[in-house]
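Asker: Residue numbers (the UniProt record's numbering): 1 to 199. If you scroll down you'll find the structure; I have some questions about it.
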């Protein structure tokens with residue numbers, strides 16, 4: 001009887017190692033930019049562990065890289081069903097799906113959900129600001145960018161976004177201050193905008 005228990009235990013251990021290996025292989029494929037292979041590895045792992053949050057999230061990100069946004073969205077919603085407080089899943093839904101699809105109302109809706117979970121998310125504040133700006137709600141956009149900067153003074157995208165709004169509002173000198181800050185924080189296209197507007 002003891003031998004049966006040992007064999008069963010070793011069998012479970014082997015299955016567990018194989019499952020973890022598939023997830024690790026998916027991570028490696030993702031790092032190497034082999035997104036189809038990553039999806040296949042995560043999918044295989046998820047047949048054994050269908051609610052494994054990390055694998056669902058990473059498969060969703062791989063789907064995004066492949067341009068399969070509906071499949072990515074489905075994975076992110078599965079995560080939220082299992083873990084309603086998962087800020088990363090909400091961020092992916094907000095930025096990688098709704099904002100990219102130009103669905104600004106849903107971008108704002110999900111950004112506000114994120115802010116209920118983490119009011120100090122500069123990414124959520126900035127996404128909310130960008131969506132408001134696209135909808136022509138410029139005061140709300142400015143308030144959101146200001147909130148992003150107040151919670152994280154080193155978030156380059158908030159400075160860049162606020163600068164672009166200030167350019168639109170003909171507040172060029174204040175925009176140039178924001179652009180200089182965005183550039184110093186690593187915003188890739190800030191230098192190009194500085195060249196155009198800040199002489």
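Note that the Cβ used here is the ideal one computed from N, Cα and C, for glycine as well.
Exposed or buried, what is residue 128 when buried is set at 16 or more other beta-carbons lying within 10 Å of its beta-carbon?
Answerer: Numbered from 1 along the chain shown, position 128 holds the residue referred to as residue 128. By the neighbour-count rule (16 or more Cβ atoms within 10 Å), residue 128 is buried.
Asker: Does the beta-carbon of residue 115 have 16 or more other beta-carbons within 10 angstroms, so that it is buried, or is it exposed?
Answerer: Counting from one through the chain shown, the residue named residue 115 turns up at place 115. By the neighbour-count rule (16 or more Cβ atoms within 10 Å), residue 115 is buried.
Asker: Using only the alpha-carbon positions, how far apart do residue 68 and residue 97 sit?
Answerer: Taking the first residue of the chain shown as position 1, residue 68 is located at position 68. Taking the first residue of the chain shown as position 1, residue 97 is located at position 97. Between residue 68 and residue 97, the C-alpha separation is close to 10 Å.
Asker: Count the other C-beta atoms from every protein chain shown that fall within 10 angstroms of the C-beta of residue 161, then say buried if there are 16 or more, exposed otherwise.
Answerer: Within the chain shown, residue 161 is the residue found at index 161, counting from 1. Result: buried.
Asker: Whole-angstrom Cβ separation of residue 30 and residue 62, contact assumed at under 8 Å?
Answerer: Against the chain shown, residue 30 aligns to sequence position 30. Against the chain shown, residue 62 aligns to sequence position 62. Indeed they touch by this definition, with Cβ atoms about 6 Å apart.
Asker: Could you check the C-alpha separation between residue 88 and residue 48 for me, to the nearest Å?
Answerer: Within the chain shown, numbered from 1, the residue matching residue 88 stands at position 88. Within the chain shown, numbered from 1, the residue matching residue 48 stands at position 48. When rounded, the distance between both Cα atoms is 23 Å.
Asker: Under DSSP, the alpha helix (DSSP H) around residue 198 begins and ends at which residues?
Answerer: If you number the chain shown from 1, residue 198 lands on position 198. Where residue 198 is concerned, there is no enclosing alpha helix (DSSP H), given that its DSSP letter is neither H nor E.
Asker: Using a Cβ-Cβ cut-off of 7 Å, state whether residue 100 counts as contacting chain C.
Answerer: Here chain C cannot be found, since the structure has a single protein chain.
Asker: Quick one: give me the first and last residue of the alpha helix (DSSP H) that residue 133 is part of.
Answerer: Your numbering for residue 133 matches position 133 in the chain shown. Its alpha helix (DSSP H) spans residues 122–134.
Asker: Starting from the N-terminal side, write out each stretch of the alpha helix (DSSP H) that is 4 residues or longer and does not extend beyond the stretch 33–60.
Answerer: If we require 4 residues or more, the alpha helix (DSSP H) runs fully inside the stretch 33–60 come out as 35–48.
Asker: Tell me which residues share the same chain as residue 66 and place their Cβ nearer than 6 Å to its Cβ, disregarding the 5 neighbours each side in the sequence.
Answerer: Within the chain shown, numbered from 1, the residue matching residue 66 stands at position 66. Taken in chain order, the residues that qualify are 35.
Asker: For residue 92, tell me which candidate among 144, 39, 74 has the shortest Cα-Cα distance.
Answerer: The residue you call residue 92 lines up with position 92 of the chain shown. Among 144, 39, 74, the Cα nearest to that of residue 92 is on 74.
Asker: Sort 58, 123, 41, 168 by Cα distance to residue 153 and report the nearest one.
Answerer: Position 153 of the chain shown, counted from the start, is the residue given in the question as residue 153. Per the Cα distances, 123.
Asker: If we count the other Cβ atoms within 10 Å of its Cβ and call it buried at 16 or more, is residue 157 buried or exposed?
Answerer: Along the chain shown, read from residue 1 onward, the residue named residue 157 stands at position 157. That one is buried.
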